[in-house]
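A quick write-up on the structure given underneath.
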Amino acid sequence: MLASGSCLLTDICDQLHEPSKKVNVVDRLSRHLEKGTPASSLSAYLRQIKKWVPDHPVIHIDDSDVVKPDGYKFEALGIVRDGSESTSAKNVYKKG
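For the sequence shown, this note's numbering begins at 916 and goes up steadily by one.
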């Protein structure tokens, strides 16, 4: 990924310089990705990340990007139920 500067398997394949056909290399990489992350690797990653994250991190939320109840070009934004108002809306966070 670092050499290709991309997370696309076809781009990564180009940087591997393997004699196999690109489609075969992409299939092999895909099969390995389907297996998921080994528990030991995930644990080591989380231990490392915990060293970098402060005890009380600050999280910024830009309301203009999150609240889009009237947006029509947000295919991936799902309907969320607001329990305080007993309504459903096309947003993930509602100010107030």
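Each residue gets a CB set at the ideal place from its N, CA and C atoms; glycine is no exception.
- Query: Is it true that the region 940-950 meets the region 921-930, where meeting means three or more beta-carbon pairs spaced less than 8 angstroms apart?
  - Reply: Enough Cβ pairs lie closer than 8 angstroms, so yes.
- Query: For the putative contact between residue 945 and residue 930, defined by C-beta atoms under 8 angstroms, what is the C-beta separation to the nearest angstrom?
  - Reply: Their Cβ separation, rounded to whole angstroms, is 16 angstroms, which puts residue 945 and residue 930 out of contact at 8 angstroms.
- Task: Could you please give the first and the last residue of the uninterrupted alpha helix (DSSP H) stretch that includes residue 975?
- Result: Annotation for residue 975: no alpha helix (DSSP H) segment contains it, and DSSP assigns it neither H nor E.
- Query: Quick one: Cα of residue 955 to Cα of residue 968, how far?
  - Reply: 20 angstroms
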